[in-house]
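Notes for the one structure printed next.
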Amino acid sequence: MGKIIAISNQKGGVGKSTTAINLSACLAERLKKVLIIDLDPQGNTTSGLGINREEAENTVYELLIGDASAEECTVRTAFGRLYVIPSNVDLAGGEIELMEMKNREYLLKNALDPIKEDYDYILIDCPPSLSLLTLNALSAADSVLIPVQCEYYALEGLTQLMKTINLVQERLNEDLKINGIVFTMYDARTNLSGDVVENVKDNLDVYVYKTIIPRNVRLAESPSYGLPIIRYDTHSAGAQKYRELAKEFVKRRKK
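Here the sequence shown stands for residues 7 to 261, numbered as in our numbering.
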C-alpha cells in the first residue's frame, strides 16, 4: 500500500527541500518507487532533481486546477525509480484561482487517489507557509515529516506547526499522523545544536529520528547541479546521513 508523506515546516530555511530531494533519491536507491510532488512555487525541488522548471509541459498547477491528470504531470527523473510532479512560478498566481474552487482543500488528495497505489512512497514538498497549498498537502497525506533546523527558535516554530496539524486533524484529515522530526544543519562544533535537539525531545511527545543531518558544504552545493547528494558526492557526510535516514524511514513504516 502506498504512503503519502508531507514534508512540512512553516519556517523557511530548515532544509525542507533538501530533505525532500535527498530522502526521495535514497529511497529510490533502495529500490522503492517514489513520486515527489513539488508543491512550492519556487520549484527548488524540481530544479534540484535536474528538471527544467520552465520546460515542463504539465506541472502541479495544471494538476490542481484539473487541466491534467497526475499521470500526465509526472516526469521521470534520471535517478532510477524516482519520479516528480514539477512546479514553477505559475503556482504562485494559481493559488488565487484555487480559492474559488469547490472542495479546494481536497484538490490534491482527489488528484492523487487514482495513482496512490502505483508508488511505495509519495513525498510532498510543502511551501514554507500555512497556505491553501499546505492544507492540500496535509489533507492528502497519511503523515507529516518535519525537518527542524538546529537553531534557537526551532521550538517556537514547531509549536505553531503542531497547532496547524491539530487543526487539520480536527477539520480536514482525522487520519493524519506525525511521522517524526528530523534535525537538519547540525553543527557538532556548537553547544546550541545539541541543546536544541534535547529541548525538542524534552518538550514534544513525537518520534525524533536518530539520524541527524549535519551542515555539509557538498550537500549545500548539490542542488545547483541538479543532483541529489548521493549522485553529486556519494561518499560525503551528507550522502551517508541521508542514506541512514532513508533506512530509518523505511524501518519505521514497517512498525
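All C-beta atoms in this analysis are idealised placements derived from N, C-alpha and C, irrespective of residue type, glycine included.
Check	Outcome
Alpha-carbon to alpha-carbon, L141 and A76	19 Å
Three-state secondary structure assigned by DSSP to F85	coil
Host alpha helix (DSSP H) of T140 (start-end)	138-146
For A262, the nearest candidate out of L41, Y192, V223, G200 (CA to CA)	Coverage of the chain is limited to positions 7 through 261, which leaves residue 262 absent and any answer about it impossible.
L178 (DSSP reduced to helix, strand or coil)	coil
For K183 and P134, the rounded distance between their alpha carbons	19 Å
Three-state class that DSSP yields for L151 in the structure shown	strand
Which listed residue (A34, T52, R87, Y127) has its alpha carbon closest to that of K9	Y127
Residue burial classification, R87 (beta-carbon count within 10 angstroms, cutoff 16)	buried
Beta-carbon proximity check, Q48 vs G163, cutoff 8 Å	no
Proximity of E157 and V95 at Cβ, strictly below 8 Å	no
For Y215, the three-state DSSP class (helix, strand or coil)	coil
Member of Y192, S228, G186, D193 whose CA lies at the smallest distance from the CA of V212	G186
M191 versus T24, E60, V174, residue with shortest Cα-Cα distance	T24
I130 burial status per 10 Å Cβ neighbour count (16 or more: buried)	buried
Whole-angstrom distance between A12 and I71, CA atom to CA atom	20 Å
CA nearest to the CA of P153, picked from V90, N222, V214, F85	V214
Segments of 4+ residues assigned as alpha helix (DSSP H) that fall wholly inside the stretch 107-132	113-118
Nearest to Y67 (by Cα), restricted to the options G56, L55, L113	L113
Span of the beta strand (DSSP E), counted from its first residue to its last, around G5	Because the chain spans 7 through 261 in this model, residue 5 falls outside it and cannot be assessed.
Under the three-state DSSP convention, the category A245 falls into	helix
Beta-carbon proximity of A31 to F85, cut-off 8 Å	yes
Backbone secondary structure at D96 - three-state DSSP	helix
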